[in-house]
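J.: Under our numbering, think of the first position of the sequence shown as 2, with each following residue one higher.
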Amino acid sequence: MWREEKVKTTLRRSPEKNLSSVKSVVGNDPRNRSDYGQSRDASDVRTVEIVKDTHTTLVPFPALLDLPLGSDVVKASCGSRHTAVVTRTGELYTWGWGKYGQLGHKDSTSVDQPCLVEYFVEKQLQVKTVTCGPWNTYVYAVEKEKT
2 MWREEKVKTT LRRSPEKNLS SVKSVVGNDP RNRSDYGQSR DASDVRTVEI VKDTHTTLVP
62 FPALLDLPLG SDVVKASCGS RHTAVVTRTG ELYTWGWGKY GQLGHKDSTS VDQPCLVEYF
122 VEKQLQVKTV TCGPWNTYVY AVEKEKT
């Protein structure tokens, strides 16, 4: 049963690895920032009013991440309002609330789908791991091997 509540809520998201080894995300997002992919049917994703002018997307079942074909996620981290994943090839994708630049997209825009962080591509860096803090993102990257 779904109900409307006039309360503030904290984002609770958790990256999960399902049985087919495909990264998926499940949880709720008070600011509508997470990319939850295509739902199985309209009942899988519901939006309810939480606080005036704020909505939340509820996802009761895991959903596939919308990453480029062939991308294999090896690391994931969730901040209070943003998410980051690292692919096997060392690319970093981020999405969510970007007010403080924590997404790394050269601005403070929020995005609701995973977007490649171009900085590491431009600098020829391979991302090894990522950790999201409440309003920041820590990235460990190394120079790509020259071939």
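Beta carbons are placed, not taken as given, at the ideal position from N, Cα and C, and that holds for glycine.
So is residue 99 buried or exposed if we call it buried at 16+ other beta carbons inside 10 Å?
T.: Buried, since its Cβ has 16 or more Cβ neighbours within 10 Å.
J.: Taking 7 Å as the limit between beta carbons, can you name the residues of its chain near residue 102, skipping five residues before and five after?
T.: Excluding residues within five positions, the ones whose Cβ falls inside 7 Å are 109.
J.: Measure the Cβ-Cβ separation of residue 87 and residue 130 and say whether it is below 8 Å.
T.: Yes, the Cβ-Cβ distance between residue 87 and residue 130 is below 8 Å.
J.: How many whole angstroms separate the CB atoms of residue 93 and residue 118, which I take to be in contact at a CB cut-off of 8 Å?
T.: Indeed, because the Cβ distance is near 4 Å, the residues count as touching under 8 Å.
J.: Using the C-alpha atoms, what's the distance from residue 91 back to residue 72?
T.: When rounded, the distance between both Cα atoms is 10 Å.
J.: Under 8 Å Cβ to Cβ from residue 1, same chain only, skipping five residues before and after it: list those, please.
T.: There is simply no residue 1 to check, as the chain begins at 2 and stops at 148 in what is shown.
J.: What do you reckon, are the CB atoms on residue 116 and residue 96 nearer than 8 Å?
T.: Yes, the Cβ-Cβ distance between residue 116 and residue 96 is below 8 Å.
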